[in-house]
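*Asks:*
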Amino acid sequence: MAPVELKELKDQLQELLERGFIRPSVSPWGAPVLFVKKKDGSMRLCIDYHELNKITIRNRYPLPRIDDLFDQLQGVMHFSKIDLRSGYHQLRVREHDISKTAFRTRYGHYEFT
Numbered sequence: 001m002a003p004v005e006l007k008e009l010k011d012q013l014q015e016l017l018e019r020g021f022i023r024p025s026v027s028p029w030g031a032p033v034l035f036v037k038k039k040d041g042s043m044r045l046c047i048d049y050h051e052l053n054k055i056t057i058r059n060r061y062p063l064p065r066i067d068d069l070f071d072q073l074q075g076v077m078h079f080s081k082i083d084l085r086s087g088y089h090q091l092r093v094r095e096h097d098i099s100k101t102a103f104r105t106r107y108g109h110y111e112f113t
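As structure tokens, this is what we get:
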């Protein structure tokens, strides 16, 4: 990683730790990390879970079609919304699966909580 990416990595790891989204890990697994440049020029931390995806059991039901979902909203008067800005961090991972979310960096080995 370039020096700019290393600084960004350190900053993003610190923020994720402070917000309680990650914790140090002793998992035997560890996916690599990389950065992808966003449209605004900032860097997005990405974790390469390709190997984990290969062994993941897929959901056996299809996602509903968006037009079917909208049809269900006819006549509804109250709606809620979700802040998707940090949407992935709002999903709960089962305790026995947390070790599978581990990723490795030059600054340590972490997993999502």
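Sequential numbering of the sequence shown, starting at 1, is according to full-length UniProt numbering.
Note that beta-carbon positions come from the ideal geometry of N, C-alpha and C, so glycine has one too.
Less than 9 Å between the C-beta atoms of Thr113 and Leu13, yes or no?
*Replies:* Within the sequence shown, residue 113 is the residue found at index 113, counting from 1. Within the sequence shown, residue 13 is the residue found at index 13, counting from 1. Going by C-beta atoms, Thr113 is not nearer than 9 Å to Leu13.
*Asks:* Decide if Leu9 is buried, meaning its Cβ has at least 16 other Cβ atoms within 10 Å, or exposed.
*Replies:* Walking along the sequence shown from the start, residue 9 turns up at place 9. Its Cβ being crowded by 16 or more others within 10 Å, Leu9 is buried.
*Asks:* Buried or exposed: Thr101, going by 16 or more other Cβ atoms within 10 Å of its Cβ?
*Replies:* Counting from 1 along the sequence shown, the entry for residue 101 is found at position 101. By the neighbour-count rule (16 or more Cβ atoms within 10 Å), Thr101 is buried.
*Asks:* Report yes if the C-beta distance between Arg19 and His89 is below 9 Å; otherwise report no.
*Replies:* Here residue 19 refers to the residue found at position 19 of the sequence shown. Here residue 89 refers to the residue found at position 89 of the sequence shown. Yes, Cβ-Cβ distance for Arg19 and His89 is below 9 Å.
*Asks:* What whole-angstrom Cβ distance do Glu15 and Met43 have, given they're in contact under 8 Å?
*Replies:* Position 15 of the sequence shown, counted from the first residue, corresponds to residue 15. Position 43 of the sequence shown, counted from the first residue, corresponds to residue 43. Rounded, the Cβ-Cβ distance is 13 Å, inconsistent with contact.
*Asks:* Entirely within the region 40-76 and at least 4 residues each: give me those alpha helix (DSSP H) ranges in chain order.
*Replies:* Whole alpha helix (DSSP H) segments, 4+ residues: 50-55 and 66-72.
*Asks:* Alpha helix (DSSP H) containing Pro3: first to last residue?
*Replies:* Position 3 of the sequence shown, counted from the first residue, corresponds to residue 3. From DSSP, the alpha helix (DSSP H) with Pro3 extends over Pro3 to Glu18.
*Asks:* Using only the alpha-carbon positions, how far apart do Arg23 and Arg60 sit?
*Replies:* Taking the first residue of the sequence shown as 1, we reach residue 23 at position 23. Taking the first residue of the sequence shown as 1, we reach residue 60 at position 60. The straight-line gap from Cα to Cα measures roughly 31 Å.
*Asks:* Tell me His109's beta-bridge partners as DSSP assigns them.
*Replies:* If you number the sequence shown from 1, residue 109 lands on position 109. According to DSSP, His109 bridges with Arg104.
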